[in-house]
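Numbering (my numbering), first residue to last: 2 to 156.
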């Protein structure tokens, strides 16, 4: 899709990113609205499962055979409860899960799949924490090759 089509609000691939927070659920309404306005669009829901930083735990988690399957089942159940019932009939909806750094996972998925619009919620952290550590939404906004709609927390 070219820049002019994106500027006109024509999206074929809309990526909604969730951490299952209250603000992410609010942001989902915006993703649904964009999908409804674009009848040929597919709405993708992406959840990135954080990978543990400690080398010891990383090895341990992958040795526990059903940990991955259990986590995926729990996430599928959450998606079925919180998101899938809200998707109107006729809107193609795909769920994607990855393990790793949230911001990098979002950016990699968007690039690899030629996403036209990313929709995500912004978490309300203090300014000092954001300055020191950055945040997922900030990293995605700075590095994405497509428009990013960031929904602030409700007051």
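Just so you know, even glycine gets a beta-carbon here, dropped at the ideal spot from N, CA and C.
Limits of the unbroken beta strand (DSSP E) element including residue i
{"i": "residue 99", "result": "94-100"}
{"i": "residue 14", "result": "14-18"}
{"i": "residue 150", "result": "149-152"}
{"i": "residue 87", "result": "Run containing residue 87: none; DSSP gives neither H nor E here."}
{"i": "residue 116", "result": "Premise fails: residue 116 is in no beta strand (DSSP E) and is neither H nor E."}
Best match in the options for proximity to residue i [C-alpha to C-alpha]
{"i": "residue 19", "options": "114, 107, 112 and 93", "result": "107"}
{"i": "residue 39", "options": "92, 139, 109 and 77", "result": "92"}
{"i": "residue 137", "options": "15, 25 and 11", "result": "25"}
{"i": "residue 41", "options": "82, 15, 78 and 27", "result": "15"}
{"i": "residue 79", "options": "143, 21, 140 and 150", "result": "21"}
{"i": "residue 87", "options": "36, 11 and 10", "result": "36"}
{"i": "residue 151", "options": "120, 144 and 33", "result": "120"}
{"i": "residue 83", "options": "142, 23, 72 and 139", "result": "23"}
{"i": "residue 30", "options": "144, 85 and 139", "result": "85"}
{"i": "residue 105", "options": "12, 13 and 144", "result": "144"}
{"i": "residue 110", "options": "12, 34, 46 and 13", "result": "46"}
First and last residue of the uninterrupted alpha helix (DSSP H) at residue i
{"i": "residue 108", "result": "103-113"}
{"i": "residue 48", "result": "Careful: residue 48 lies outside any alpha helix (DSSP H), inside the beta strand (DSSP E) at 43-50."}
{"i": "residue 139", "result": "137-144"}
{"i": "residue 21", "result": "No alpha helix (DSSP H) holds residue 21; DSSP gives it neither H nor E."}
Residue environment, residue i, which counts as buried when at least 16 other CB atoms sit within 10 Å
{"i": "residue 48", "result": "buried"}
{"i": "residue 117", "result": "buried"}
{"i": "residue 70", "result": "exposed"}
{"i": "residue 103", "result": "buried"}
{"i": "residue 32", "result": "buried"}
{"i": "residue 28", "result": "buried"}
Contact belief for residue i with residue j at Cβ below 8 Å, rounded distance in angstroms
{"i": "residue 153", "j": "residue 123", "result": "5 Å"}
{"i": "residue 146", "j": "residue 95", "result": "Contact doesn't hold; Cβ gap of about 20 Å is too wide."}
{"i": "residue 50", "j": "residue 74", "result": "No, residue 50 and residue 74 are not in contact; Cβ-Cβ is about 13 Å, not under 8 Å."}
Residue i at chain B interface by Cβ criterion, 8 Å
{"i": "residue 122", "result": "The chain labelled as chain B is not found in the depicted structure, where only one protein chain is given."}
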